[in-house]
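For the sequence shown, our numbering gives the first residue as 87, with consecutive numbering after it. For glycine and all other residues, C-beta sits at the position ideal for the given N, C-alpha and C. Since we're looking at a predicted model, the values are computed, not measured. Everything on this sheet refers to the single structure shown next.
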Amino acid sequence: MKEQPMAATALDMKALNIPLPPEAKNELVIHTEEEDDRMWVPRGEGVWFRPLMYNVTQGSWVNLTRATREGVIGRHRHPAPVTGYTLDGSWGYLEHEWEARKGTFIYEPAGETHTLIVTPTEGHMLTLFHNFGPLIMVDENGNQTGYEDVFTRIEKVKTHYQSVGLNSDVLDRIII
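What follows is the structure in structure tokens.
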């Protein structure tokens, strides 16, 4: 295959005119810096999540997690993988020696059980997480105490958005 020469700038290039297949969903573009704080769903004292996408076919979701205090965020097990990218602050797991700081990418394999903490290095965190499946909440002995999947997350967000006066189309738009 012959490579095309590089254009001087993107403005020198012509956009492709290939239509999206009719069965495909539309793209999803969210500018989180320009939004209403009501979009952040409380998850505990000083902890919120901001849903970005719910994939009800694959059972996955993407969200931002924000914490304004150090300490334990929660204990859980992942039956499916998770990826994360730290945008600000620092965090980690009691069960591991590493610490995620701004710019850190992590991959958690299926089967991982851990205690998510905000570390004292920064005392806060903002991280983008992509959960490829459910979470099983556990206690300090690893016993199941709860369960969260794409559908229970959607219900939590729906309840929160209704309580703060956000229209349901705000949530409907991010369900693919």
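Margin query: Measuring straight from C-alpha to C-alpha, what distance separates Phe237 and His162?
Written below: Taking the first residue of the sequence shown as 1, we reach residue 237 at position 151. Taking the first residue of the sequence shown as 1, we reach residue 162 at position 76. Using only the alpha carbons, I get a separation of about 17 Å.
- Is it the case that the Cβ atoms of Leu180 and Thr201 are separated by a distance below 8 Å? Residue 180 sits at position 94 when you count from the first residue of the sequence shown. Residue 201 sits at position 115 when you count from the first residue of the sequence shown. Cβ atoms of Leu180 and Thr201: closer than 8 Å.
* Using a threshold of 8 Å, state whether the C-beta atoms of Val133 and Val243 are closer than that. => Residue mapping note: residue 133 aligns to position 47 of the sequence shown, counting from 1. Residue mapping note: residue 243 aligns to position 157 of the sequence shown, counting from 1. Not a contact, by the Cβ cut-off of 8 Å.
Checklist entry - So, using beta-carbon positions, are Val250 and Arg124 closer together than 8 Å? => result Translated into the one-based positions of the sequence shown, residue 250 becomes position 164. Translated into the one-based positions of the sequence shown, residue 124 becomes position 38. For Val250 and Arg124, yes; Cβs fall inside 8 Å.
(message) Considering only the alpha carbon of each residue, which of Ala153, Asp255 and Thr169 lies closest to Pro206?
(response) Your numbering for residue 206 matches position 120 in the sequence shown. Minimum Cα distance to Pro206 is reached at Ala153.
Do you know whose CA, among Asp258, Thr190, Ile192 and His164, lies nearest Tyr233's CA? Indexing the sequence shown from 1 puts residue 233 at position 147. Taking only the C-alpha atoms, the option nearest Tyr233 is His164.
- request: Take Gly130 and list the residues in its own chain whose beta-carbon comes closer than 8 Å to its own, dropping the five residues that flank it on each side.
  value: The residue you call residue 130 lines up with position 44 of the sequence shown. Within the same chain, Gly130 has close Cβ partners Ile159 and Gly160.
- Length-filtered (4 minimum) alpha helix (DSSP H) runs lying within the region 218 to 261: 236 to 249 and 254 to 258
Look at Gly175 and Leu150 and say whether their C-beta atoms are less than 8 Å apart.
-> Locating residue 175 in the sequence shown gives position 89, where the first residue counts as 1. Locating residue 150 in the sequence shown gives position 64, where the first residue counts as 1. Taking 8 Å as the Cβ cut-off, Gly175 and Leu150 do not qualify as a contacting pair.
Problem - Given Phe215 as reference, the closest of Arg136, Met223, Met99 and Glu121 once Cα atoms are compared - result: Position 129 of the sequence shown, counted from the start, is the residue given in the question as residue 215. Measuring from the Cα of Phe215, the nearest candidate turns out to be Arg136.
**Request:** Going by DSSP, name the residue or residues bridged to Asp174.
**Result:** What you label residue 174 is simply residue 88 of the sequence shown in a count that begins at 1. BP columns for Asp174 point to Leu212.
Cβ-based burial, Asn103 [other Cβ within 10 Å; buried from 16]
In the sequence shown, the residue the question calls residue 103 occupies position 17. Counting Cβ neighbours within 10 Å, Asn103 comes out exposed, since fewer than 16 surround it.
- Query: What separation, rounded to the nearest whole angstrom, lies between the Cα atoms of Trp147 and Lys111?
  - Reply: In the sequence shown, residue 147 corresponds to position 61, counting from 1. In the sequence shown, residue 111 corresponds to position 25, counting from 1. C-alpha separation (whole angstroms): 16 Å.
Environment of Thr245 [buried if 16+ CB atoms lie within 10 Å]: The residue you call residue 245 lines up with position 159 of the sequence shown. So Thr245 counts as exposed.
Using CA coordinates, which residue listed in Glu208, Pro105 and Val142 is at the minimum distance from Arg259? As a position in the sequence shown, residue 259 is number 173, starting the count at 1. Looking only at Glu208, Pro105 and Val142, the smallest Cα-Cα distance to Arg259 is reached by Val142.
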